[in-house]
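Encoded as structure tokens, the structure appears first; notes follow it.
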Amino acid sequence: MIQTLFGSLDEQQKPSFLDRMKEAVTRTRENLSERIEDAVAFTKEIDRSTLDDLEATLIAADLGTTTTHEVLQTLREKADRKQIGNVDELKRLLKEELLAILTAANTQPVTKVDGTPEVILVVGVNGTGKTTTIGKLAQVFRSDGKTVLMCAADTFRAAAIEQLEIWGQRTGTEVIRTKPGGDPAAVLYDALQAATARHSDYVIVDTAGRLHTKTNLMAELEKMRRTAQRIIPGAPHETLLVMDATTGQNGLQQARLFTQSAGVTGIVLAKLDGTAKGGVVVAISRELGLPVRYVGVGEKAGDLLPFDAREFVESLFA
Amino acid sequence: MFENLQEKLQRAFKTLRGQAVLNEENIQESLREIRLALLEADVNFKVVKQLIDHIQEKAVGKQVMTALSPGEQVIKILRDELIETLGRDTARLKFASQPPTTVLMAGLQGSGKTTTSGKLANWLKNGGHRPLLVSVDVYRPAAREQLKIVAQAIKANLYEGEVKESNTGTVERLAKEARREAVNTGCDVLIVDTAGRLHIDEQLMDEMQSLKRLLNPQEILFVADAMTGQDAVRSADEFHKKLSLTGVVLTKMDGDARGGAALSIRQVTGQPIKFIGVGEKYDALEPFHPDRIVSRILGMGDILSLIEKAEQQMDKKKAQELASKALTGDGFSLEDFRDQLRQVKKMGSLQSLVGMLPSIGPFAGLQKHADKVDEKQVNRVEAIINSMTAHERAHHEVINGSRRKRIARGSGTSAQEVNNLLRQYAQMRKMFKQMGKGSFARKLAGMKLPM
Chain A
1 MIQTLFGSLD EQQKPSFLDR MKEAVTRTRE NLSERIEDAV AFTKEIDRST LDDLEATLIA
61 ADLGTTTTHE VLQTLREKAD RKQIGNVDEL KRLLKEELLA ILTAANTQPV TKVDGTPEVI
121 LVVGVNGTGK TTTIGKLAQV FRSDGKTVLM CAADTFRAAA IEQLEIWGQR TGTEVIRTKP
181 GGDPAAVLYD ALQAATARHS DYVIVDTAGR LHTKTNLMAE LEKMRRTAQR IIPGAPHETL
241 LVMDATTGQN GLQQARLFTQ SAGVTGIVLA KLDGTAKGGV VVAISRELGL PVRYVGVGEK
301 AGDLLPFDAR EFVESLFA
Chain B
319 MFENLQEKLQ RAFKTLRGQA VLNEENIQES LREIRLALLE ADVNFKVVKQ LIDHIQEKAV
379 GKQVMTALSP GEQVIKILRD ELIETLGRDT ARLKFASQPP TTVLMAGLQG SGKTTTSGKL
439 ANWLKNGGHR PLLVSVDVYR PAAREQLKIV AQAIKANLYE GEVKESNTGT VERLAKEARR
499 EAVNTGCDVL IVDTAGRLHI DEQLMDEMQS LKRLLNPQEI LFVADAMTGQ DAVRSADEFH
559 KKLSLTGVVL TKMDGDARGG AALSIRQVTG QPIKFIGVGE KYDALEPFHP DRIVSRILGM
619 GDILSLIEKA EQQMDKKKAQ ELASKALTGD GFSLEDFRDQ LRQVKKMGSL QSLVGMLPSI
679 GPFAGLQKHA DKVDEKQVNR VEAIINSMTA HERAHHEVIN GSRRKRIARG SGTSAQEVNN
739 LLRQYAQMRK MFKQMGKGSF ARKLAGMKLP M
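Sequence order for the protein chains is A and B.
Residues in the first sequence are numbered from 1 upward in steps of one, following the working numbering.
Residues in the second sequence are numbered from 319 upward in steps of one, following the working numbering.
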């Protein structure tokens, strides 16, 4: 935990990201496969109750009833036709189903015009970990030798600007800020001007956490998008919705409404180092075609890993 | 907050209504739908199973003796179960016999501990207490700065202290110093904001335990996000095992999360949910009323909560004036009507407001209309009244054809809409007048919403 304050740039974590990814999902995996073993241990033959137990397992992982039913429906039919002979095959097919959903979601960021900064807008409900994710994201780009500018457009929450500035110091990134209570679109304007002048590679924009049901605050995000668009063509190129891995089915509604207002292009699944499984992203991928870009697995600057659907699903069922 | 769950449950019960006798088969169908609704509300699947098992048992046992309709009986059984799960009584904060009372805030990252600490201090202040805030979150960047700003905003006392090293030693020292500060400055409640931590982080959970030993707090509140999914049981359970929680604060209840976590957490910890967070403002903290919320989940309404909420926000004097004016009928002008609309808007969305009323008896008609109430429509009505002159508002009868046209143009509506408003307003006046004489409830039953 102490290292949190001394997260440095020369931390070498790149080569091991797959291992760390595995580590991060180990708990999920052990749990899920344990339960599946539990579910099917008593018989080698697949019967309906086996599938019913699997259903509980997926629901416990926050996949939600709809997605769970859809995923299992196919398996159920095959099992009824006795096309699935044993538990291993069942697992393999289930894995494939989930992987297919996650990989089908492939919304890409808007391609930026050469020579202009890539603008990444970071949005989400309160307390999901937006500011922390931005700090880590800056670290990812900085380690790649890129120049980054952070934009402190969360002018609402107490000490949000200070928090981002500390991340700026940790990652050697400049933060464009305004006074608390200032207009987020105005500070965004300043940041994009600065980034253009300095030929920064990336601008990462922090926004205030907001519940997706607050229409006025959601409209503010639309305004920020318009502001960005005016200054840099195609901006924001990427809009990341940061989602807490503990989020339940409300995550789907978050994704829907943030996509409507802020044009979300990808998900960051934060706090995956706990026991929560973040299965709602499967539901989100399925319904909205939004891919998960990164997963957050800790409080250190290096604790942000690229999401690999295959690896993720493999790890779940290893 | 619970609209969605309520909706689902109501749909589930519809399938049972009108059936004379409960049999295995129709119970199964309803239970299946209840199960789905609860799961979608993020109630933990094990909790759901327990609930369903209980209901099934009770429903089958009681099917003969019922004076209720079969559907109503299942509702009643489920309601009883939910009330039992959420705890029957409104819980209160425990205060120390010898001040200061210490409240320790605990929870995962981002659940809202710092904001809730501020809200709680504000709530205590309004109740005549003198709280002292301290943040022992020496880990998250600018966490202590955040509480400092919150304390300034609500004008509460804060013990700041100094942090040289970010470790458990510092955390313990800060807590001790803050306690001394509370005694020395005559603060009667010490609120200790802690760093968010994962329930599986042994080192930080140990730190929490040592804070508990050190402070011997009267309250250890678990701050949990209302949007939490199935994992809520696990984190709550771990926190409870390590710390023996005394209560729960459910935050972000102003969103559209179905709030099933409330059931899950209550079930695994056995501890009452003491408060709910319902907004970003520092007064957006409300006591949790299990019975009311359960009634609300089940569509029986929350008339108590509605009245309380209305009372808090409505200017009482204005309310009294309006009421007396309304009941005499003649004095109730369009201006008053607009004031009332604005009050209603202040209280929150119309749908949720009407949704809090019971869907039975005199309010049955209203519920049906609530679905159709368009918030935008309220704005249109307001715009129409805004486009009237003061004289027109006080004397609606002077509004003739050309005035009507002008008002419609000014408010961006049509003469027909202006007409509708005026007609409904006239009906309302008449009804209010009658209400002043007759039975309120009976009259309200026939009331049409003026939009």
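Note that CB positions come from ideal geometry on N, CA and C, so glycine has one too.
Contact defined as beta carbons within less than 8 angstroms: I believe B:Ala359 pairs with B:Gly578. What is the distance between those atoms, to the nearest angstrom?
4 angstroms
For the region 123-209 of chain A, list the beta strand (DSSP E) runs that are entirely contained and at least 3 residues long, ordered along the chain.
148-153, 174-176 and 202-207
B:Val456 and B:Val300 - do their beta-carbons sit closer together than 8 angstroms?
Any answer about residue 300 of chain B is impossible in this case: the structure gives chain B only from 319 up to 769.
Beta-carbon separation of A:Ala152 and A:Val187 under 8 angstroms?
yes
Given this structure, state the Cα-to-Cα distance separating B:Met632 from A:Gly298, to the nearest angstrom.
Its pLDDT being 47, under 50, B:Met632 is placed unreliably by the model, and the measurement read from it follows with that caveat. Roughly 46 angstroms separates the two Cα atoms.
Buried or exposed for B:Val507, please, with buried defined as at least 16 other CB atoms from any protein chain shown within 10 angstroms of its CB.
buried
So, with DSSP's three-state summary, where would you put B:Met523?
helix
Output needed for B:Ala484: all residues of its chain with C-beta closer than 8 angstroms, excluding positions within five of it in sequence on either side, in chain order.
Note on identity: in this sequence residue 484 of chain B is Ser, with Ala being the wrong assignment. Cβ within range, chain order: Val456 and Tyr457.
Just checking: is the beta-carbon of A:Ile166 within a distance shorter than 8 angstroms of some beta-carbon in chain B?
For A:Ile166, a Cβ of chain B is located within less than 8 angstroms of the residue's own Cβ.
Among B:Met423, B:Pro535 and B:Ala500, the one whose alpha carbon lies nearest that of B:Leu568
B:Met423
Measuring only the C-alpha atoms, how far is B:Gln536 from B:Met526?
Computed Cα separation, rounded: 15 angstroms.
Quick one: is A:Leu94 near chain B, going by C-beta distance under 8 angstroms?
no
DSSP-derived helix/strand/coil call for A:Lys223
A:Lys223 falls in the helix class under three-state DSSP.
Listed by chain order, chain B residues near A:Leu211 by CB distance under 7 angstroms
Lys570, Asp572 and Gly573
For the region 278-288 of chain A against the region 242-261 of chain A, do three or more pairs of beta-carbon atoms, one drawn from each stretch, fall closer than 8 angstroms, so that the two count as touching?
yes
Do we get a CB-CB distance below 8 angstroms when we pair A:Ile176 with the residues of chain B?
no
Look at the Cβ atom of A:Met224, then the Cβ atom of A:Leu137, and state whether they are nearer than 8 angstroms.
no
Shortest alpha-carbon distance to A:Arg226 belongs to which of A:Val119, A:Leu257, A:Asp62 and A:Ser200?
Closest option to A:Arg226, Cα to Cα, is A:Val119.
The region 427-436 of chain B contacting the region 510-522 of chain B, beta-carbon criterion three pairs below 8 angstroms
Yes, they touch.
Please return the same chain residues whose Cβ sits closer than 6 angstroms to the Cβ of B:Ala726, not counting the five positions on each side in sequence.
Ser732, Ala733 and Val736
With distances taken Cα to Cα, identify the nearest neighbour of B:Trp441 among B:Ala355, B:Leu476, B:Ala471 and B:Tyr600.
Nearest C-alpha to B:Trp441: B:Tyr600.
For the beta strand (DSSP E) holding A:Glu238, just list the boundary residues, first then last.
Glu238 to Asp244
With contact counted as at least three CB pairs below 8 angstroms, one residue from each stretch, are the region 194-214 of chain A and the region 156-176 of chain A in contact?
yes
Under 8 angstroms between C-beta atoms, does A:Thr275 make it to chain B?
yes
Quickly, what does DSSP pair B:Asn475 with across the bridge? List them, please.
B:Leu450
Below 8 angstroms on C-beta distance, what does B:Pro449 contact in chain A?
Residues of chain A passing the Cβ test: none, with the nearest at roughly 17 angstroms.
Where does B:Asp654 fall in DSSP's three states?
helix
Can you tell me whether B:Met632 is helix, strand or coil according to DSSP?
Note that B:Met632 has pLDDT 47, beneath the 50 cutoff, so the model's placement of it is unreliable and the number below is only indicative. Coil.
Helix or strand or just coil, what does DSSP make of B:Ala359?
coil
Verify the CB distance criterion: does A:Gln73 have a CB-CB separation below 8 angstroms to chain B?
no
Looking at C-beta atoms only, is the number of pairs between the region 256-265 of chain A and the region 65-79 of chain A that lie closer than 8 angstroms three or more?
No, the region 256-265 of chain A does not touch the region 65-79 of chain A.
Does the pairing of the region 167-180 of chain A with the region 141-151 of chain A give three or more beta-carbon distances under 8 angstroms?
Touching, per the Cβ criterion.
Minimum Cβ-Cβ distance from B:Glu423 to chain A less than 8 angstroms:
One point to set straight first is that residue 423 of chain B is Met, not Glu, in the sequence displayed. By this cut-off, B:Met423 is not an interface position.
Mind reading off the beta-carbon distance from B:Val361 to B:Ser553? Whole number of angstroms is fine, and I expect it under 8 angstroms.
Their Cβ separation, rounded to whole angstroms, is 15 angstroms, which puts B:Val361 and B:Ser553 out of contact at 8 angstroms.
Chain-order list of residues whose beta-carbon lies under 7 angstroms from that of A:Glu55 (same chain, five-residue window excluded)
Thr68 and Leu72
What do you get for B:Arg576, buried or exposed, if any count of 16 or more other CB atoms within 10 angstroms of its CB means buried?
buried
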